[in-house]
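See below for the structure under consideration.
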Amino acid sequence: MILSILIPTLPDRSNLLKRLENILLPQMVEGVEIVKDDRPRGISTGQKRTELISRANGEYVCFVDDDDQIAVYYVSEILKALESKPDCVTFDGWMTTDGGSRVDWSIKLGERYEARRDPDGITRYYRFPNHLCPIKKSIAAQVYFPAKHQGEDYEWAKAINDRGLLKTSVHIPLKLYHYDYRTRK
């Protein structure tokens, strides 16, 4: 198994999961698996994420949150990038807050976690590799997600970054992911 796509979800979010699966399932090929955790709210998102990594069979793991969306070429582009066996794969995307205006972002190895105004005057978010990026399972499993419902993803990514666990990456200069931040979960 090459890639495990991990999805933490909740029973009452089945409509969001179905929307995601409508984009993801047609992309599934040999060597790629989807692993979901739909236990109820009593289990923290961080605990679900840590347990999903341990259940994954892929050499690489990445998360897709049930309320986000991916490009129709998400899996194929990632599989091409994984051919060179980097520690992680990074890419570009965009985010909205509660469905509002769009802000582009780029995740790259060596980036700081910040917003910057580019020479074109547009503010973009820059991030070091995080839970959205395919990362070798052997590296991802070295850090547990904090057992909390929010902010667990940043703390995990920061720990991976601060420990210098990622040495090599392939960057896909395409917008593969739409992160829809919701102020009410």
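Quick note: the sequence shown uses my numbering, first residue 11, plus one each step.
Virtual Cβ for every residue (Gly too), placed ideally from N, Cα, C.
As the structure is a computational prediction, the values presented were derived from the model and not from experiment.
With DSSP as the reference, please indicate the residues paired to Trp104 in a beta bridge. Residue mapping note: residue 104 aligns to position 94 of the sequence shown, counting from 1. In DSSP, Trp104 forms a bridge with Asp114 and His188.
What does DSSP give as the partner residues of Arg51 in its beta bridges? For the purposes of this step, residue 51 is taken as residue 41 along the sequence shown, with counting starting at 1. Note: Arg51 sits in no beta bridge, so no partner.
Taking C-alpha atoms, which residue in Ile53, Ile33, Lys158 and Cys98 lies nearest to Pro7? What is shown of the chain runs 11 to 195, which leaves residue 7 out entirely.
The beta strand (DSSP E) enclosing Leu16, as first and last residue numbers: Translated into the one-based positions of the sequence shown, residue 16 becomes position 6. Note, Leu16: beta strand (DSSP E), Leu13 to Pro18.
Could you tell me the alpha carbon to alpha carbon distance between Pro139 and Asp77, rounded to whole angstroms? In the sequence shown, counting from the first residue as 1, residue 139 sits at position 129. In the sequence shown, counting from the first residue as 1, residue 77 sits at position 67. The straight-line gap from Cα to Cα measures roughly 20 Å.
Within its chain, find whatever has a CB closer than 6 Å to the CB of Ala198; leave out the 5 residues flanking it on each side and keep chain order. Since the first residue shown for the chain is 11 and the last is 195, residue 198 is missing from the structure and cannot be characterised.
For the putative contact between Leu16 and Asp97, defined by C-beta atoms under 8 Å, what is the C-beta separation to the nearest angstrom? Indexing the sequence shown from 1 puts residue 16 at position 6. Indexing the sequence shown from 1 puts residue 97 at position 87. Actually they are not in contact, since the Cβ atoms of Leu16 and Asp97 sit about 18 Å apart, beyond 8 Å.
In the DSSP assignment, find the unbroken alpha helix (DSSP H) run with Ala125 in it and report its ends. By one-based count along the sequence shown, residue 125 stands at place 115. Run containing Ala125: none in the alpha helix (DSSP H); it sits in the beta strand (DSSP E), Glu124 to Arg127.
Where does the unbroken beta strand (DSSP E) through Tyr135 begin, and where does it stop? The residue you call residue 135 lines up with position 125 of the sequence shown. Residues Thr133 to Arg137.
Relative to the C-alpha of Ser171, which residue among Lys185, Ile12 and Val153 is closest? Counted from its first residue, the sequence shown places residue 171 at position 161. Sequence check: residue 171 is Asn here, not Ser. Answer by Cα proximity: Val153.
Taking 9 Å as the threshold (C-beta atoms), are Phe101 and Ile182 in contact? Position 172 of the sequence shown, counted from the start, is the residue given in the question as residue 182. Position 91 of the sequence shown, counted from the start, is the residue given in the question as residue 101. Yes, Cβ-Cβ distance for Ile182 and Phe101 is below 9 Å.
Could you tell me which residues DSSP pairs with Ile44 in its beta bridges? Position 34 of the sequence shown, counting from 1, holds the residue named residue 44. In DSSP, Ile44 forms a bridge with Ile15.
Looking at Ser14 and Val99, is the spacing between their C-beta atoms short of 9 Å? For the purposes of this step, residue 99 is taken as residue 89 along the sequence shown, with counting starting at 1. For the purposes of this step, residue 14 is taken as residue 4 along the sequence shown, with counting starting at 1. No, Cβ-Cβ distance for Val99 and Ser14 is not below 9 Å.
Please determine, among Gln79, Thr106 and Glu69, the residue with the shortest C-alpha to C-alpha distance to Asn32. Residue mapping note: residue 32 aligns to position 22 of the sequence shown, counting from 1. With respect to the C-alpha of Asn32, the residue from Gln79, Thr106 and Glu69 having the closest C-alpha is Gln79.
Run through the DSSP bridge pairs and tell me what His181 is partnered with. Stepping through the sequence shown from its first residue, residue 181 is reached at position 171. Looking at the DSSP assignment, His181 forms a beta bridge with Thr100.
Do you know offhand how far Ile44's Cα is from Asp114's? Translated into the one-based positions of the sequence shown, residue 44 becomes position 34. Translated into the one-based positions of the sequence shown, residue 114 becomes position 104. Those two C-alpha atoms are separated by around 27 Å.
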